[in-house]
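The sequence shown begins at 395 in the numbering used here and counts up by one.
Where is the CB? At the ideal position from N, CA and C, for every residue including glycine.
Model, not experiment: these values are computed from the prediction.
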Amino acid sequence: MNDHRTPSPRPASRRTCLLTGAAVAAALAAGTFGAVSANATTPTAAAGAPQRTVTAAEAGDRNVHRTSHLTVDAATRAAQAALQAAREDGQRVSVAVVDRAGNTIVVLRGDGAGPQSYASAERKGFTAVSWNAPTSALVKRLETTPNLRDIPGTLFLGGGVPVAAGGAPIAGIGVAGAPSGALDEEYARAGAAALGR
(Lines of atoms letter the chains of each structure in order from A and count residues from 1; the text may use other names and numbers.)
(Lines give C-alpha, C1' and ligand atoms only; values in the text may rest on other atoms or scores of the structure.)
Protein backbone atom coordinates (compact mmCIF):
# COMPACT_ATOMS: atom_id res chain seq x y z
CA MET A 1 0.00 0.00 0.00
CA ASN A 2 1.39 3.34 -1.09
CA ASP A 3 1.14 6.40 1.06
CA HIS A 4 0.12 9.42 -1.14
CA ARG A 5 0.31 12.12 1.48
CA THR A 6 1.70 15.49 0.47
CA PRO A 7 4.90 16.24 2.25
CA SER A 8 4.64 19.13 4.68
CA PRO A 9 6.45 22.30 3.60
CA ARG A 10 9.86 22.91 4.96
CA PRO A 11 10.26 25.69 7.45
CA ALA A 12 11.54 28.92 5.84
CA SER A 13 15.24 29.48 6.13
CA ARG A 14 16.57 32.26 8.29
CA ARG A 15 17.79 34.10 5.17
CA THR A 16 14.29 34.00 3.55
CA CYS A 17 12.73 35.36 6.76
CA LEU A 18 15.25 38.22 6.91
CA LEU A 19 14.71 39.17 3.24
CA THR A 20 10.92 39.07 3.56
CA GLY A 21 11.03 41.15 6.75
CA ALA A 22 13.33 43.71 5.11
CA ALA A 23 10.99 44.04 2.09
CA VAL A 24 7.95 44.58 4.32
CA ALA A 25 9.81 47.16 6.42
CA ALA A 26 10.93 49.02 3.28
CA ALA A 27 7.37 49.12 1.91
CA LEU A 28 6.02 50.47 5.20
CA ALA A 29 8.78 53.06 5.41
CA ALA A 30 8.12 54.21 1.83
CA GLY A 31 4.41 54.65 2.56
CA THR A 32 5.15 56.57 5.72
CA PHE A 33 7.74 58.72 3.96
CA GLY A 34 5.27 59.50 1.13
CA ALA A 35 2.61 60.54 3.63
CA VAL A 36 5.09 62.71 5.53
CA SER A 37 6.38 64.25 2.27
CA ALA A 38 2.90 65.08 1.03
CA ASN A 39 1.98 66.70 4.31
CA ALA A 40 5.27 68.50 4.76
CA THR A 41 4.68 70.64 1.66
CA THR A 42 1.64 72.39 3.12
CA PRO A 43 2.58 74.97 5.74
CA THR A 44 0.45 75.15 8.86
CA ALA A 45 -0.34 78.05 11.08
CA ALA A 46 0.58 76.21 14.25
CA ALA A 47 1.93 72.84 15.26
CA GLY A 48 -0.83 70.28 15.42
CA ALA A 49 -3.20 72.39 13.27
CA PRO A 50 -5.06 70.45 10.57
CA GLN A 51 -3.27 70.58 7.23
CA ARG A 52 -4.93 71.39 3.92
CA THR A 53 -4.04 71.85 0.27
CA VAL A 54 -3.87 75.30 -1.35
CA THR A 55 -5.99 75.38 -4.51
CA ALA A 56 -5.22 77.23 -7.73
CA ALA A 57 -8.13 79.60 -7.03
CA GLU A 58 -6.59 80.51 -3.69
CA ALA A 59 -3.27 81.18 -5.41
CA GLY A 60 -5.06 84.01 -7.21
CA ASP A 61 -4.93 82.31 -10.61
CA ARG A 62 -1.58 83.98 -11.18
CA ASN A 63 -0.23 80.77 -12.68
CA VAL A 64 -3.26 80.00 -14.82
CA HIS A 65 -4.07 81.48 -18.22
CA ARG A 66 -7.51 80.93 -19.66
CA THR A 67 -8.24 81.05 -23.39
CA SER A 68 -11.34 80.78 -25.53
CA HIS A 69 -11.66 78.24 -28.31
CA LEU A 70 -13.90 77.92 -31.32
CA THR A 71 -15.90 74.70 -31.18
CA VAL A 72 -15.79 72.16 -33.99
CA ASP A 73 -19.46 72.86 -34.69
CA ALA A 74 -18.84 76.60 -34.99
CA ALA A 75 -15.75 76.07 -37.15
CA THR A 76 -17.72 73.75 -39.45
CA ARG A 77 -20.57 76.25 -39.68
CA ALA A 78 -18.11 79.02 -40.64
CA ALA A 79 -16.37 76.85 -43.24
CA GLN A 80 -19.69 75.80 -44.78
CA ALA A 81 -20.85 79.44 -44.99
CA ALA A 82 -17.63 80.47 -46.73
CA LEU A 83 -17.85 77.56 -49.15
CA GLN A 84 -21.51 78.36 -49.90
CA ALA A 85 -20.66 82.02 -50.63
CA ALA A 86 -18.01 80.87 -53.11
CA ARG A 87 -20.39 78.36 -54.74
CA GLU A 88 -22.99 81.10 -55.25
CA ASP A 89 -20.33 83.02 -57.22
CA GLY A 90 -19.38 79.90 -59.18
CA GLN A 91 -15.94 79.69 -57.52
CA ARG A 92 -14.16 76.48 -56.54
CA VAL A 93 -12.30 77.02 -53.31
CA SER A 94 -11.04 75.32 -50.18
CA VAL A 95 -11.81 76.72 -46.75
CA ALA A 96 -9.77 76.12 -43.59
CA VAL A 97 -10.51 77.12 -40.01
CA VAL A 98 -7.55 76.99 -37.63
CA ASP A 99 -7.31 77.61 -33.89
CA ARG A 100 -5.15 80.22 -32.14
CA ALA A 101 -2.09 77.99 -32.35
CA GLY A 102 -2.59 77.35 -36.05
CA ASN A 103 -3.90 73.82 -35.58
CA THR A 104 -6.49 72.91 -38.17
CA ILE A 105 -10.00 72.53 -36.80
CA VAL A 106 -11.74 71.86 -40.12
CA VAL A 107 -10.97 72.04 -43.85
CA LEU A 108 -13.55 71.77 -46.62
CA ARG A 109 -12.24 71.32 -50.13
CA GLY A 110 -14.93 72.40 -52.55
CA ASP A 111 -15.77 70.33 -55.61
CA GLY A 112 -13.20 71.08 -58.30
CA ALA A 113 -10.95 73.19 -56.07
CA GLY A 114 -7.29 73.14 -57.09
CA PRO A 115 -4.90 70.86 -55.20
CA GLN A 116 -2.86 73.81 -53.91
CA SER A 117 -5.92 75.46 -52.39
CA TYR A 118 -6.08 73.11 -49.39
CA ALA A 119 -2.65 74.03 -47.96
CA SER A 120 -2.99 77.67 -49.01
CA ALA A 121 -6.28 78.03 -47.12
CA GLU A 122 -4.69 76.62 -43.95
CA ARG A 123 -1.71 78.95 -44.22
CA LYS A 124 -3.91 82.00 -44.81
CA GLY A 125 -6.00 81.14 -41.75
CA PHE A 126 -2.85 80.71 -39.64
CA THR A 127 -1.41 84.02 -40.89
CA ALA A 128 -4.63 85.90 -40.09
CA VAL A 129 -4.92 84.53 -36.54
CA SER A 130 -1.20 84.98 -35.84
CA TRP A 131 -1.34 88.72 -36.52
CA ASN A 132 -5.02 89.19 -35.66
CA ALA A 133 -5.48 90.94 -38.99
CA PRO A 134 -6.87 90.15 -42.43
CA THR A 135 -4.15 88.83 -44.71
CA SER A 136 -4.93 91.54 -47.30
CA ALA A 137 -3.79 94.14 -44.74
CA LEU A 138 -0.69 92.11 -43.97
CA VAL A 139 0.34 92.01 -47.64
CA LYS A 140 1.04 95.75 -47.37
CA ARG A 141 3.50 95.12 -44.53
CA LEU A 142 5.71 93.12 -46.88
CA GLU A 143 6.69 96.38 -48.60
CA THR A 144 8.53 97.51 -45.48
CA THR A 145 9.30 94.10 -43.95
CA PRO A 146 9.80 91.61 -46.79
CA ASN A 147 11.32 88.93 -44.51
CA LEU A 148 7.88 88.34 -42.94
CA ARG A 149 7.21 85.91 -45.78
CA ASP A 150 10.03 83.71 -44.42
CA ILE A 151 8.05 82.81 -41.28
CA PRO A 152 7.11 79.11 -41.54
CA GLY A 153 3.46 78.30 -42.14
CA THR A 154 2.42 81.78 -43.24
CA LEU A 155 1.05 83.00 -46.56
CA PHE A 156 0.73 86.71 -47.20
CA LEU A 157 -2.02 86.72 -49.80
CA GLY A 158 -5.56 88.01 -49.45
CA GLY A 159 -8.06 85.43 -48.23
CA GLY A 160 -7.54 85.07 -44.49
CA VAL A 161 -9.50 86.72 -41.67
CA PRO A 162 -9.14 86.41 -37.89
CA VAL A 163 -11.94 85.45 -35.52
CA ALA A 164 -11.79 87.15 -32.12
CA ALA A 165 -13.54 86.71 -28.78
CA GLY A 166 -13.19 89.20 -25.98
CA GLY A 167 -10.77 91.22 -28.07
CA ALA A 168 -8.34 88.34 -28.52
CA PRO A 169 -7.86 86.20 -31.64
CA ILE A 170 -9.15 82.65 -31.21
CA ALA A 171 -9.22 81.35 -34.81
CA GLY A 172 -8.48 82.16 -38.40
CA ILE A 173 -10.49 81.43 -41.54
CA GLY A 174 -8.57 81.00 -44.77
CA VAL A 175 -9.98 80.64 -48.26
CA ALA A 176 -7.98 79.82 -51.38
CA GLY A 177 -8.78 79.01 -54.99
CA ALA A 178 -10.73 82.01 -56.30
CA PRO A 179 -9.11 84.09 -59.07
CA SER A 180 -8.14 86.83 -56.59
CA GLY A 181 -7.26 87.26 -52.94
CA ALA A 182 -10.02 89.84 -52.67
CA LEU A 183 -12.64 87.22 -53.57
CA ASP A 184 -11.05 84.65 -51.24
CA GLU A 185 -11.24 87.19 -48.42
CA GLU A 186 -14.86 88.04 -49.21
CA TYR A 187 -15.74 84.36 -48.75
CA ALA A 188 -13.68 84.12 -45.56
CA ARG A 189 -15.60 87.11 -44.18
CA ALA A 190 -18.87 85.34 -45.02
CA GLY A 191 -17.64 82.44 -42.92
CA ALA A 192 -16.77 84.72 -40.00
CA ALA A 193 -20.15 86.44 -40.28
CA ALA A 194 -21.88 83.06 -39.89
CA LEU A 195 -20.44 82.80 -36.38
CA GLY A 196 -22.47 85.83 -35.29
CA ARG A 197 -25.78 84.27 -36.27
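Applying the 10 Å Cβ sphere with the 16-neighbour rule, what's the burial state of residue i?
i, result
"Leu464", "buried"
"Pro546", "exposed"
"Val491", "buried"
"Thr461", "exposed"
"Lys518", "buried"
"Gly425", "The predicted position of Gly425 is uncertain, since its pLDDT is 47 and thus under 50; no value can be drawn from it."
"Val458", "exposed"
For residue i, which beta-bridge partners are listed by DSSP?
i, result
"Pro528", "DSSP, once it has assigned bridges, lists no residue as partnering Pro528."
"Gly568", "Ala490 and Gly554"
"Ala559", "Ala562"
"Arg535", "None, per the DSSP bridge assignment."
Measure from the alpha carbon of residue i to the alpha carbon of each residue in the options, then state which is nearest.
i, options, result
"Asp493", "Ala562, Gln478 and Arg486", "Ala562"
"Ala559", "Asn526, Gly571, Glu482 and Gln478", "Asn526"
"Gly506", "Ile499, Gln485, Asn497 and Val491", "Gln485"
"Gln496", "Asp578, Glu516, Ala473 and His459", "It is Gly, not Gln, that sits at residue 496 in the sequence shown. The candidate whose alpha carbon is nearest that of Gly496 is Glu516."
"Phe520", "Val533, Val458 and Leu549", "Leu549"
"Gly590", "Ala469, Asn457 and Arg456", "Ala469"
"Ala575", "Leu532, Arg543 and Val557", "Checking the displayed sequence, the identity of residue 575 turns out to be Gly instead of Ala. Taking only the C-alpha atoms, the option nearest Gly575 is Leu532."
"Arg471", "Gln510, His459, Val500 and Ser530", "Val500"
"Leu577", "Glu482, Val458 and Arg543", "Glu482"
Thinking residue i and residue j are a contact (beta carbons under 8 Å), I'd like their distance in whole angstroms, please.
i, j, result
"Leu502", "Val489", "5 Å"
"Val569", "Ala582", "4 Å"
"Gly552", "Ala473", "That pair is no contact at about 18 Å."
"Leu536", "Gly504", "That belief does not hold up - the Cβ atoms of Leu536 and Gly504 are roughly 28 Å apart, past 8 Å."
"Pro528", "Glu580", "The Cβ separation is near 11 Å, so there is no contact."
"Gly571", "Val487", "4 Å"
Please list the terminal residues of the continuous beta strand (DSSP E) segment that includes residue i.
i, result
"Leu502", "Thr498 to Arg503"
Tell me where the alpha helix (DSSP H) around residue i begins and ends.
i, result
"Val458", "Element bounds for Val458: n/a, residue is neither H nor E."
"Gly590", "Here Gly590 belongs to no alpha helix (DSSP H), and DSSP marks it neither H nor E."
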